[in-house]
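The sequence shown begins at 126 in our numbering and counts up one residue at a time.
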Amino acid sequence: VQIDVDAIRTAEFPVADRLLYLNHAGVSPIPASSASAGVRILHQYRDEGAFRLRKWVDLSDEARGRFARLIGASSDEVAFIKNTSEGISFIAAGFPWKEGDNLVTANVEFPANIYPWMRLEARNIEVRMVQAREGRVRKDDVIAACDGKTRLVALSSVEFANGFRNDLPGIGEYCQKQGIFFFVDAIQSLGVIPMDVRAYGIDALAADGHKWMLSPEGIGGFFISREVMEMVEPVVLGWHSVRNRFDFEQYDFRLSPDARRFEPGSFNTVGLAAFGASLDLILSVSVERIWERVRHLTEEAIESALRAEYQVVSPRLPEERSGIVTFRVPGLDPQGLWKALLSRNAVCSPRNGGIRISPHFYNTSEEIARFFEILKEEAVAQKNA
126 VQIDVDAIRT
136 AEFPVADRLL
146 YLNHAGVSPI
156 PASSASAGVR
166 ILHQYRDEGA
176 FRLRKWVDLS
186 DEARGRFARL
196 IGASSDEVAF
206 IKNTSEGISF
216 IAAGFPWKEG
226 DNLVTANVEF
236 PANIYPWMRL
246 EARNIEVRMV
256 QAREGRVRKD
266 DVIAACDGKT
276 RLVALSSVEF
286 ANGFRNDLPG
296 IGEYCQKQGI
306 FFFVDAIQSL
316 GVIPMDVRAY
326 GIDALAADGH
336 KWMLSPEGIG
346 GFFISREVME
356 MVEPVVLGWH
366 SVRNRFDFEQ
376 YDFRLSPDAR
386 RFEPGSFNTV
396 GLAAFGASLD
406 LILSVSVERI
416 WERVRHLTEE
426 AIESALRAEY
436 QVVSPRLPEE
446 RSGIVTFRVP
456 GLDPQGLWKA
466 LLSRNAVCSP
476 RNGGIRISPH
486 FYNTSEEIAR
496 FFEILKEEAV
506 AQKNA
């Protein structure tokens, strides 16, 4: 079944009337229904305060279930976080490290998936950085970096700058066999590429909602597998972290038996309402269909870039591809080009010494073609300047 793109575009993405928006790997526009869901909560607070006190519990249960479905987990393994960095920090700070342990990550990770681990060096935990080769973090290189002291591997599902998709099933299988904890920063794939935490052997995962999940900034999902839940100490605690969170009279310090132990206090209910609505839209379209469509759009973008004799730095193999296409325009400064494109209402990002575009399912082939027309005009103008 094809996605009815026109109907969804018209109903949900007014941004498409104004902008050529190809920056879902940066910050996404949010759908109209998600904006309305957030505004509804704001109006409720305005008109009746906390009159319907437990409304947010229903909201959180709905969104929790949807996020769990998106990643193939159960909802008791899901917590809400403010951003990916917070989820990564929960693992880095709460893991039972011993002096002399090491962890493995890569030298092309977004800083959010580097600094929380680097801080552990002060505790004599070695951080091993796999060097990417031609922009690829090779599974064999990750495995070669591991030894008997390796306790954790931390990688992105998709690398942010060039869109290389890591071999999560392969790396996850190795980690499971070796008893190594596998953490994934999934912000660059959730909502566009199917995810199955069980099949990939992922122990914990974090992702903010503001990219491919089409949600506001400041709200995201955190997964921790039931198998390792007791192993990671919740380092930020509050009234929400315990079993009887609504019993304010009795102090009963028993942690919540599920992932809610990682939620210390009150939620960003406005963000949560929007996040839940966006997840609902993504699930109703289905990530499999979204991925099929985005794959076609990125294929068209790669072909357009190659026809124009730009240097494509994103991987070309199907299993290495994602929703990101990064390319360099020879002889031109990417910052200047990016600003010129923005002035023409074409939204992308300067990355990896080039231009990064990241279309979502509501974008069209016509938009990809139009983007490359504008790019050609601006490139000519800059060369003649």
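Here a beta-carbon is modelled for each residue, glycine too, at the ideal position from N, C-alpha and C. Predicted, not measured: the structure shown is a model, and the values here were computed from it.
Between TRP222 and the rest of its own chain, which residues show a CB-CB distance below 6 Å, the 5 nearest in sequence each way excluded?
Excluding positions up to five away in sequence, the list reads ILE250.
Rounded to whole angstroms, what's the CA-CA distance from GLU161 to PRO475? Just pull it up for me.
At residue 161 the sequence reads Ser, which differs from the Glu that was named. Approximately 31 Å between the Cα atoms of the pair.
PHE176 - DSSP class collapsed to helix/strand/coil:
Looking at PHE176 - three-state DSSP - the assignment turns out to be coil, as it is neither helix nor strand.
Rounded to whole angstroms, what is the Cα-Cα separation between VAL278 and LEU228?
Looking at the backbone, the Cα of VAL278 and that of LEU228 are separated by about 6 Å.
Is ALA237 near ILE213, with beta carbons less than 8 Å apart?
At a Cβ-Cβ threshold of 8 Å, ALA237 and ILE213 count as neighbours.
CB of ALA257 within 8 Å of CB of VAL283, strictly
Taking 8 Å as the Cβ cut-off, ALA257 and VAL283 do not qualify as a contacting pair.
For VAL437, the residue or residues it bridges with in DSSP:
DSSP output for VAL437 lists PHE452 as bridge partner(s).
Could you work out which residue in ASP201, HIS149, ALA231 and PRO294 is closest to PRO382 when comparing CA atoms only?
For PRO382, the nearest C-alpha among the options comes from ASP201.
Drop a sphere of 10 angstroms on the beta-carbon of LEU330, count the other beta-carbons inside from all chains shown, and report buried for 16 or more, exposed for fewer.
The residue in question, LEU330, is buried, as its Cβ has 16 or more Cβ neighbours within 10 Å.
If we count the other Cβ atoms within 10 Å of its Cβ and call it buried at 16 or more, is GLY456 buried or exposed?
GLY456 counts as exposed, since fewer than 16 other C-beta atoms from the protein chains shown sit within 10 angstroms of its C-beta.
Is TYR325 near GLY346, with beta carbons less than 8 Å apart?
For the pair TYR325 and GLY346, the CB atoms are not nearer than the 8 Å cut-off.
Reduced DSSP category for ILE327 - H, G, I as helix; E, B as strand; rest coil
Assigned with DSSP and collapsed to three states, ILE327 falls in coil, not helix or strand.
In terms of alpha-carbon separation, which member of TRP416, CYS271 and SER366 lies closest to MET338?
In this structure, TRP416 is the residue among TRP416, CYS271 and SER366 with its C-alpha nearest to the C-alpha of MET338.
At which residues does the beta strand (DSSP E) containing ALA204 begin and terminate?
Per DSSP, ALA204 belongs to the beta strand (DSSP E) from 203 to 206.
Are PHE452 and TRP181 closer than 8 Å when you measure CB to CB?
In this structure, TRP181 does not lie closer than 8 Å to PHE452 by Cβ.
Skipping 5 residues on each side, what residues in its chain have a beta carbon closer than 7 Å to that of VAL367?
Contacts found: ASP377, PHE378, ARG379, LEU380 and SER381.
Just curious, the alpha helix (DSSP H) that THR135 is in, first and last residue?
In this chain, the alpha helix (DSSP H) harbouring THR135 covers 130 to 137.
Mapping DSSP to helix, strand and coil, what is SER281?
SER281: strand per DSSP, three-state reduction.
Per-residue burial, PRO328 [other beta carbons within 10 Å of its own, 16 or more giving buried]:
This sequence places Asp at residue 328; Pro is not what is there. Around the C-beta of ASP328, 16 or more other C-beta atoms lie within 10 Å, and the residue is accordingly described as buried.
If you draw a straight line from the alpha carbon of PRO359 to that of GLU259, how long is it in whole angstroms?
About 38 Å.
Between SER210 and the rest of its own chain, which residues show a CB-CB distance below 6 Å, the 5 nearest in sequence each way excluded?
Contacts found: ALA237.
When the Cα atoms are used, what is the spatial distance from MET254 to ILE312?
Taking C-alpha positions only, MET254 is separated from ILE312 by approximately 20 Å.
Please list the terminal residues of the continuous beta strand (DSSP E) segment that includes ALA218.
Segment 209 to 219 is the alpha helix (DSSP H) holding ALA218; no beta strand (DSSP E) there.
Rounded straight-line distance, which links the Cα of PRO389 to that of MET239
In the sequence as displayed, the identity of residue 239 is Ile instead of Met. Spanning the alpha carbons of ILE239 and PRO389 requires a straight line of approximately 24 Å.
Report yes if the C-beta distance between ALA384 and ILE407 is below 8 Å; otherwise report no.
Judged by beta-carbon spacing, ILE407 lies beyond the 8 Å limit of ALA384, meaning their Cβ atoms are not closer than that value.
For a test of the three-state rule: what should DSSP assign to TYR146, helix, strand or coil?
TYR146: strand per DSSP, three-state reduction.
Would you kindly check if the distance between the Cβ of ALA141 and the Cβ of TYR487 is under 8 Å?
Taking 8 Å as the Cβ cut-off, TYR487 and ALA141 qualify as a contacting pair.
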